[in-house]
């Protein structure tokens, strides 16, 4: 009898918990998705095309910018699956074609990036995240969180992460951003040595100046951090 009462009491507590949760749920408003006039953009197979997506406007031209972090790059054919960022024009594009953007990083697998920095671009996952400045003709941030500093590869391989700041025109050389790199710092797991910056990112406006906020996967003992 006691066991029955205990089971009943437990059931009542669970039912009460569900009722309270339902009472706390705020109202949500749905909207219709137009399935009759869709635009479908397709990229290469097995590239994770569409992993990240954003809308961009420049000089009254609207674009969809798409990340494909497992793609091979036509501008970096000697690099193994570095990922790519594509631009797809929304109007006057009857074939709904997307073209890869040249980020101006050249065709070398490794790139010099500082006094004690030698970047390895293989499998860096460029396009894993995308962000845009929230203003007219804003710039775009594209990141590759698996980019590695192999300067100390006999001791450590440091997955710092790498981002490119792309001009609003979607043309021309991008600006490199490696927020976790510091000269002569080589300890894996400490001092941002393995932070994988760029798993997410956003532009912020601070005192009328623009900053980039990068989210780090792991900074000190896999704790994670967000840094301007």
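Residue numbers (the numbering used here): 401 to 628. Glycine included, C-beta positions come from ideal geometry on N, C-alpha and C.
Among the options, nearest to residue i - alpha-carbon criterion
i           : options            : result
residue 469 : 437, 567, 576, 547 : 547
residue 495 : 439, 562, 561      : 439
residue 489 : 602, 511, 456, 504 : 456
residue 572 : 504, 454, 479, 460 : 504
N-terminal and C-terminal residue of the beta strand (DSSP E) that residue i is part of
i           : result
residue 487 : 484-489
residue 464 : 461-468
residue 458 : 452-458
residue 582 : Per DSSP, residue 582 belongs to no beta strand (DSSP E) and is neither H nor E.
Euclidean distance between Cα positions of residue i and residue j
i           : j           : result
residue 620 : residue 542 : Confidence at residue 620 is low in this model, with a pLDDT of 40, below 50, so the placement of that residue should be treated as unreliable; the coordinate-derived value is given next. Their Cα atoms are separated by approximately 24 Å.
residue 536 : residue 566 : 14 Å
residue 466 : residue 414 : 44 Å
residue 474 : residue 444 : 12 Å
residue 527 : residue 545 : 9 Å
residue 564 : residue 574 : 6 Å
residue 538 : residue 491 : 20 Å
residue 508 : residue 435 : 43 Å
residue 576 : residue 562 : 7 Å
Residue i and residue j closer than 8 Å at C-beta
i           : j           : result
residue 498 : residue 515 : no
residue 458 : residue 600 : no
residue 451 : residue 513 : no
residue 510 : residue 482 : no
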